[in-house]
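Notes to accompany the following structure.
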Amino acid sequence: MLRLKAERLRRGWPQRELAARAGIDQNIISRIEGGWIRPYPKWRLQIARALEWPEERADELFEEVSENAADKLG
């Protein structure tokens, strides 16, 4: 699972919430989380800002984490 998804779930947000906050179509968020597409640099920053994640660490959101590790985030 991507850290992005783990962070979104930790906040209790559905994909549509993250999409609205990031200004990115929900289908794009779904495809990124599913591993179907890689996010453009602009999308990485938009998503990081939406999650209030440090922009200089935005790439970390697109790293794989174990589901057990995802439970421990926060």
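Terminal number for the sequence shown in this note's numbering: 69, no gaps in between. By construction, the Cβ of each residue, glycine as well, lies at the ideal position given by its N, Cα and C atoms.
Query, Result
"Candidates Ile42, Lys37, Pro36, Gly30: closest to tryptophan 8 by CA position", "Ile42"
"Local conformation of leucine -3 per DSSP, three classes", "strand"
"In DSSP terms, what glutamate 59 is bridged to", "Leu(-3)"
"Contact belief for tryptophan 85 with isoleucine 19 at Cβ below 8 Å, rounded distance in angstroms", "Here the chain has residues from -4 to 69 only, and residue 85 is not among them."
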